[in-house]
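>
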Amino acid sequence: MKDKIYIFGHKKPDTDSVCSAICLSYLQNALGANTEARILSNINDETKYVLNKFKIEIPKILNDVKLQVKNINYHKDFKISIKESVYNAFFKMQQNDMSTIPLVDDKGQFMGTFAMKDIAKKEMLGNNTTIHTTYSHIINTIKGIEVLKFNEEIEGIITNIDLRSTTFYQEEDILNKNTILIVGDRHSIIEEAINKHIKLLIITGHNKIKEEHLELAKKHKINIIYTNKDTYETLLTIGFASIIEYYHYTKNLVCVNENLDVTDLNELINKTKHSYYPVIDNANKCLGLIKLSDLRDIHPKKVILVDHNELSQSADGLEEAEIIGIFDHHKLSTLGTIKPINFRSMTVGSTCTIIYELFKENKVKIPEDIACLLLSGIISDTLLLKSPTTTKIDEKVFNDLVKITQIDAQKLAIEMFKANDSIKSKSLKEIIYLDYKTYTVDKRTIIISQITTLNAKAILKQKSSYIKFLNKESEMQKFDIMLFVITDIFKNGSYILFNDKAKTIIKDSFGEDIEEGAFLDNVVSRKKQILPAIMSIIK
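21 is the number of the first residue of the sequence shown in our numbering; add one for each residue after it.
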């Protein structure tokens with residue numbers, strides 16, 4: 021399956037950025053890509069209205085695009101059940117060139133880790149006479165052949181009789197119900213073992229049990245296995261049939277969540293100095309194992325940016341992602357990419373206009389709901405074609421989309437602007453930060469907040485409160501200029517409020533007679549009218 025590509029707009033999503041992301045995602049998927057539209061924060065009321073009206077699901081929030089553990093090509097699904105044998109764990113580690121493997125229960129929950137050193141420690145200490153395992157694990161480990169099976173679970177003491185028969189019969193309690201006897205062709209001992217009701221009889225070499233002894237074993241329900249291995253080799257290997265759960269393993273080891281940032285992982289590695297880290301999800305299910313060398317094989321998240329191309333306006337961690345495309349109608353920033361990308365920048369009033377052009381160029385039919393979103397984005401960003409950013413291309417696309425959707429665009433625009441005009445339920449701070457952009461010009465930080473409303477009077481009644489907030493906020497956040505623009509689409513102009521520190525620059529930008537709450541006739545565009553006027557004075 022192709023890697024997922026995330027498509028999103030800027031940090032303060034508006035109707036144009038959200039609709040263009042959704043529509044571009046539809047187009048890319050129609051062309052064979054695997055994309056998903058996302059948003060970087062909660063959407064405004066206007067955008068909610070549009071998505072609800074045309075029955076489009078709100079995209080999920082993408083918190084960041086930082087490199088995470090899941091972007092590393094670690095040993096996914098490398099784990100083993102705690103009920104498995106030491107033998108199976110050993111060979112799985114060997115086949116994957118690993119010395120440690122995570123252990124899980126029957127639900128996939130992480131239980132601990134098992135390592136080559138655990139096997140070495142047990143064998144070196146010689147504590148290998150008692151075994152807790154299963155009939156099946158023994159068969160698999162010693163390459164055995166099933167003869168009689170009455171119990172799947174096998175627990176007992178491994179015994180090999182190397183005494184002469186006369187000496188053996190003088191010994192007591194060598195054989196009992198907990199004995200796992202490994203023996204060759206010593207038929208008298210085999211008969212005695214069966215009569216003592218031992219747990220398991222393993223016949224080594226190419227030897228076979230006598231028919232009368234086999235019938236006796238059936239009567240006493242004795243488990244029997246044949247193996248072509250000799251007695252010595254069987255003794256060496258049977259211990260590996262042990263169930264890991266009853267062997268020595270590490271229960272407490274530092275795990276890493278698949279969503280952990282790689283920068284945080286590196287800090288953890290520097291502190292703990294481990295060579296391996298089990299990877300788990302939020303439900304503590306083990307996903308695999310990461311070792312230090314895996315950090316060289318990282319696959320960044322792939323992203324496409326719409327309606328912006330500035331690092332400060334984009335997702336956190338963008339510098340760690342792979343940008344494969346940018347579709348925008350704003351000025352170019354200093355954002356760079358490692359590889360060549362698909363870049364489309366047009367002097368138009370809406371990103372949705374660009375997306376429409378992409379549909380036409382790729383000869384992909386535009387579904388009605390997608391056409392409705394494109395139209396809504398253009399209405400929002402061009403203020404129903406009244407913004408000075410509006411171009412002939414926007415007008416043509418607008419008219420094409422009206423024909424496709426058969427929508428009364430004037431009515432839709434009024435409904436959209438009314439939906440975003442619910443300032444009564446919002447605090448002063450929320451209103452100012454509904455839609456704002458941050459710019460840096462000549463080392464000065466400029467914040468331009470803009471709201472489109474049909475009720476500018478309600479805001480201007482609290483003019484002094486807004487000015488007070490702008491002064492306090494700009495001081496606290498160290499903003500040089502903080503401008504609040506209240507745009508009245510039907511008056512085709514905007515009222516402006518600003519912090520005291522910016523008064524001189526604002527007057528120089530818009531005229532000496534400009535005061536707090538002044539109305540700027542025919543000024544509705546932050547990008548094409550307000551910001552350029554301020555920049556011309558600063559520079």
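We put the CB at the ideal spot given by N, CA and C, even for glycine.
Being a predicted model, the structure only gives us computed values, none of them experimental.
Mind checking if E377 is an interface residue toward chain B, Cβ cutoff 8 Å exclusive?
The displayed structure is made up of one protein chain only, and chain B is not part of it.
> Using DSSP with H/G/I as helix, E/B as strand and the rest coil, what is L183?
Confidence at L183 is low in this model, with a pLDDT of 49, below 50, so its placement is unreliable and no value can be given for it.
> Just to confirm, are S353 and E330 a CB contact at a threshold of 8 Å?
yes
> Out of T411, I76, K238, which one is the CA nearest neighbour of T367?
T411
> In the segment 397-463, which residue ranges form an unbroken beta strand (DSSP E) of at least 3 residues, counting only runs that do not cross its ends?
456-461
> Can you tell me whether D401 is buried or exposed, with buried defined as 16 or more other CB within 10 angstroms of its CB?
Around the C-beta of D401, 16 or more other C-beta atoms lie within 10 Å, and the residue is accordingly described as buried.
> Could you give the residue range of the alpha helix (DSSP H) that holds I487?
483-497
> For the segment 292-373, list the alpha helix (DSSP H) runs that are entirely contained and at least 4 residues long, ordered along the chain.
none
> Closer than 8 Å by C-beta to F437: which residues in its own chain qualify, once you throw out the five before and the five after it? Chain order, please.
E66, T472, T473, L474, I509
> Starting from F504, trace the beta strand (DSSP E) both ways and give me its first and last residue.
501-508
> Restricting to Cα atoms, I'd like to know which of D533, G164, T55 is closest to T254.
G164
> In chain order, what residues of the same chain lie with their CB nearer than 7 Å to the CB of I506, ignoring the 5 residues before and after it?
Contacts found: I471, T473, A476, I479, S514, Y515.
> DSSP three-state call for I375: helix, strand or coil?
helix
> Rounded to whole angstroms, what is the Cα-Cα separation between I25 and L168?
58 Å
> In whole angstroms, what is the alpha-carbon distance linking T270 and L195?
34 Å
> Going along the chain, which residues of its own chain have a beta-carbon closer than 8 Å to the beta-carbon of I181, five neighbours each way excluded?
F188, I194, L201, V203, R206, I209
> Does the pairing of the segment 294-306 with the segment 69-86 give three or more beta-carbon distances under 8 Å?
no
> Three or more C-beta pairs closer than 8 Å, one from the segment 104-114 and one from the segment 261-268: is that the case here?
With three or more CB-CB distances shorter than 8 Å, the segment 104-114 counts as touching the segment 261-268.
> Skipping 5 residues on each side, what residues in its chain have a beta carbon closer than 8 Å to that of I162?
I222, I245, T247, K249, T254, T257, I258, A261
> Identify whether F518 lies in helix, strand or coil by the three-state DSSP scheme.
strand
> Can you determine whether any heavy atom of the ligand HEM sits closer than 7 Å to the C-beta of L51, and answer yes or no?
Ligands displayed in this structure: none; no statement on the ligand HEM is therefore possible.
> Along the alpha helix (DSSP H) that carries Y107, what are the first and last residues, could you check?
Run containing Y107: 106-115, per the alpha helix (DSSP H) assignment.
> Within 10 angstroms of its Cβ, does A303 collect 16 or more other Cβ (buried), or is it exposed?
So A303 counts as exposed.
> DSSP three-state label for P33, please.
The answer is coil: DSSP assigns P33 none of H, G, I, E or B.
> In chain order, what residues of the same chain lie with their CB nearer than 8 Å to the CB of I214, ignoring the 5 residues before and after it?
L221, H233, L236, A237, H240, I242
> Taking the beta carbon of I468 as the centre, do at least 16 other beta carbons fall within 10 Å, making it buried, or is it exposed?
buried
> For the segment 48-57 against the segment 86-94, are there 3 or more C-beta pairs whose distance is under 8 Å?
no
> Near A341, what residues of its chain come up, given a Cβ to Cβ distance below 6 Å and the 5 sequence neighbours on each side ignored?
V85, P320, K321, V323
> Since A553 is in the beta strand (DSSP E), which residue starts that stretch and which ends it?
It is not in any beta strand (DSSP E) - A553 instead sits in the alpha helix (DSSP H) that spans 551-558.
> Taking the beta strand (DSSP E) that F74 falls in, what are its first and last residues?
Note, F74: premise wrong, no beta strand (DSSP E); not H, not E.
> So, are the CB atoms of S61 and K31 less than 8 Å apart?
yes
> DSSP three-state call for V89: helix, strand or coil?
helix
> Throw me the rounded Cβ distance for the D500 and I466 pair, which I believe falls under 8 Å.
Right, the Cβ-Cβ distance comes to about 7 Å (below 8 Å), so this counts as a contact.
> Which one of T149, D126, P122 has the shortest CA to CA distance from M136?
P122
> Using a Cβ-Cβ cut-off of 7 Å (strictly less than) and excluding sequence neighbours within five positions of Y94, which residues of its own chain qualify?
V299, G308, L309, I310, D314
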